[in-house]
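> Numbering (our numbering), first residue to last: 1 to 361.
Once you've had a glance at the structure underneath, I'll fire off some questions.
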């Protein structure tokens, strides 16, 4: 594809992009990154994190990429199709798969893996409290009674916190749109710039999102995705810019100026890979299994760590990847895709009742 004079806006509405592939790679990168702390009792760092020279780690980069993509795509959804379609789409994309995953953890994984008698496990208050994770609420419940208590990590699913902040970002975005700030690019950019600057110094004061300082980075990337969509007609998709972004990323590791150049460079590189290289039609063969990979990876990795002795993170990652791929494919085909198919039915206009017939007498 010749991208010498193509801008992000030239790809509006096109489905021949690589977001499915990129999201899957990012989800697997989280699995890979977690295989070290979950499996290793000696704190063995993964080689990629060592390469990053303390600036970041592979799991953080993957999550950051997810949020940048999300900010871009959901802004497009909101501004093109309206708030009702947007909210319903977000609910159907996040909750059904998550609900099944949480239910499986509580009612299948828990009773099998707990060190407690099954009756005691189910009567423990933490068991039912864990079900609140099915709604992506901010107060994530981390443990189930007696489960994984001898593992290096004890959390049932340490990845769920990102879903909480992502849902809050969705809510924050639709609230902003209610004030018509996206009517013009000038207004939108002024607001985004204000949020960037205000968040850099007073993140805790931002409504909805400021409750947890851990969310600062993910919200930054979400806003970058929003900014890329708002200014998509100004963003040139070109291999030279992608190469420059890659160089900035590599040279920024270990430097004090890393946080000033890395976020925008990573975000640009992701969108170049999505639109500027040949389309890989993964949807045709697997579907969008990245969400399933993400939500099932940690609990599966915890199970693998319970049975795999020693500090073998690479073998751990291989075994977990195979199991997670099967679960993610089943989740997409049986839960997520059918749930998304409900949107057309739920938004289908209701036909008015037929007018009563009149008879001349």
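Even glycine gets a Cβ: it sits at the ideal position worked out from N, Cα and C.
Can you tell me which residues form a DSSP beta bridge with residue 6?
Answer is 237.
> Could you pull out every residue in the same chain whose Cβ sits closer than 6 Å to the Cβ of residue 129, ignoring the five residues on either side in sequence?
Same-chain partners within the cutoff: 141.
> What whole-angstrom Cβ distance do residue 242 and residue 269 have, given they're in contact under 8 Å?
Sure, about 6 Å apart at Cβ, within 8 Å.
> Going straight from the alpha carbon of residue 225 to that of residue 8, what length do you get?
Their Cα atoms are separated by approximately 12 Å.
> With a CB to CB cut of under 6 Å and the five nearest residues on each side skipped, what residues in its chain are close to residue 99?
If we look at residue 99 and ignore the five residues flanking it on each side, its Cβ neighbours are 134.
> Should residue 106 and residue 282 be called a contact, given that it needs their Cβ atoms to be closer than 8 Å?
No; because the gap between Cβ atoms is not below 8 Å, this pair is not in contact.
> For residue 225, which of helix, strand or coil comes out of DSSP?
Residue 225 falls in the helix class under three-state DSSP.
> Can you tell which of 233, 46, 297 and 146 has the C-alpha that lies nearest to the C-alpha of residue 385?
Outside the displayed range of the chain (1 to 361) lies residue 385, so it cannot be described from this structure.
> Hey, out of 73, 346 and 94, whose CA is closest to residue 14's CA?
It is 73.
> Output needed for residue 290: all residues of its chain with C-beta closer than 8 Å, excluding positions within five of it in sequence on either side, in chain order.
Closer than 8 Å at Cβ, skipping near neighbours: 20, 23, 24, 26, 27 and 328.
> Between 109, 155, 182 and 96, which has its C-alpha nearest residue 136's C-alpha?
Residue 136 has its Cα closest to that of 96, out of 109, 155, 182 and 96.
> What are the boundary residues of the alpha helix (DSSP H) that residue 348 is part of?
Unbroken run through residue 348: none, as it is neither H nor E.
> For the structure I just gave you, are there three or more beta carbon pairs, one from the stretch 151-161 and one from the stretch 170-178, closer than 8 Å?
Not touching, per the Cβ criterion.
> Below 8 Å on the Cβ atoms is my contact criterion, and I expect residue 63 with residue 30 to pass it. Report the Cβ-Cβ distance as a whole number of Å.
Confirmed, Cβ separation roughly 7 Å.
> In this structure, how does DSSP classify residue 55 when only helix, strand and coil are distinguished?
Three-state DSSP puts residue 55 in coil, outside helix and strand.
> Considering just the uninterrupted stretch of the alpha helix (DSSP H) at residue 110, what are its terminal residues?
Here the alpha helix (DSSP H) through residue 110 covers 110-113.
> Mapping the DSSP letters down to three states, classify residue 281 as helix, strand or coil.
Residue 281: coil per DSSP, three-state reduction.
> Can at least three beta-carbon pairs, one atom from the stretch 230-241 and one from the stretch 270-280, be found at a separation below 8 Å?
Yes, since at least three Cβ pairs between the stretch 230-241 and the stretch 270-280 fall closer than 8 Å, the two stretches touch.
> Express the C-alpha separation of residue 199 and residue 193 in angstroms, rounding to a whole number.
Distance between the alpha carbons of residue 193 and residue 199 is about 10 Å.
> Measure from the alpha carbon of residue 144 to the alpha carbon of each residue in 126, 153, 132 and 131, then state which is nearest.
The option with the nearest alpha carbon to residue 144 is 126.
> If we call anything under 8 Å between Cβ atoms a contact, is residue 222 one with residue 40?
No, these two residues do not count as a Cβ contact at 8 Å.
> Is residue 84 near the ligand FMN, in the sense that its beta carbon is under 7 Å from a heavy atom of that ligand?
Of the ligands one can find in the structure shown there are none, so the ligand FMN has no counterpart to examine.
> Could you check if residue 215 is buried or exposed, using at least 16 other CB atoms within 10 Å of its CB as the buried criterion?
Buried.
> Would you report the Cα separation of residue 81 and residue 45, rounded to the nearest angstrom?
Taking the straight line joining both Cα atoms gives about 44 Å.
> Since I believe residue 266 is in contact with residue 61 (beta carbons under 8 Å), could you give me their beta-carbon distance rounded to a whole number of angstroms?
Yes, residue 61 and residue 266 are in contact; Cβ-Cβ is about 7 Å, under 8 Å.
> DSSP three-state call for residue 180: helix, strand or coil?
In the structure shown, residue 180 sits in coil (DSSP, three-state: anything other than H, G, I, E or B).
> Check this for me: beta carbons of residue 167 and residue 131, under 8 Å apart or not?
The answer is no: Cβ separation not under 8 Å.
> Does the beta-carbon distance from residue 148 to residue 187 come in below 8 Å?
Not a contact, by the Cβ cut-off of 8 Å.
> Under a Cβ-count criterion, where at least 16 other Cβ atoms within 10 Å of its own Cβ denotes burial, should residue 182 be classed as buried or exposed?
Label assigned to residue 182: buried.
> Can you list the alpha helix (DSSP H) stretches of 4 or more residues lying completely in the stretch 237-277, in chain order?
Correct list: 239-252 and 258-275.
> Within the same chain, show all residues whose beta-carbon is closer than 7 Å to that of residue 170, passing over the 5 residues directly before and after it, in chain order.
Here the set comprises 74 and 90.
> Helix or strand or just coil, what does DSSP make of residue 197?
Helix at residue 197.
> Give every residue of the same chain whose Cβ lies closer than 7 Å to the Cβ of residue 343, excluding the five residues on either side of it in the sequence, and list them in chain order.
Excluding sequence neighbours, residue 343 sits near 88, 89 and 92.
> Excluding the five sequence neighbours on either side, which residues of its own chain have a C-beta within less than 7 Å of the C-beta of residue 48, listed in chain order?
Correct list, in chain order: 58.
> Run through DSSP, which three-state label would residue 153 get?
Note: residue 153 maps to coil in three-state DSSP.
> Could you check where the alpha helix (DSSP H) with residue 313 kicks off and where it finishes?
313-331 is the span of the alpha helix (DSSP H), which, as asked, contains residue 313.
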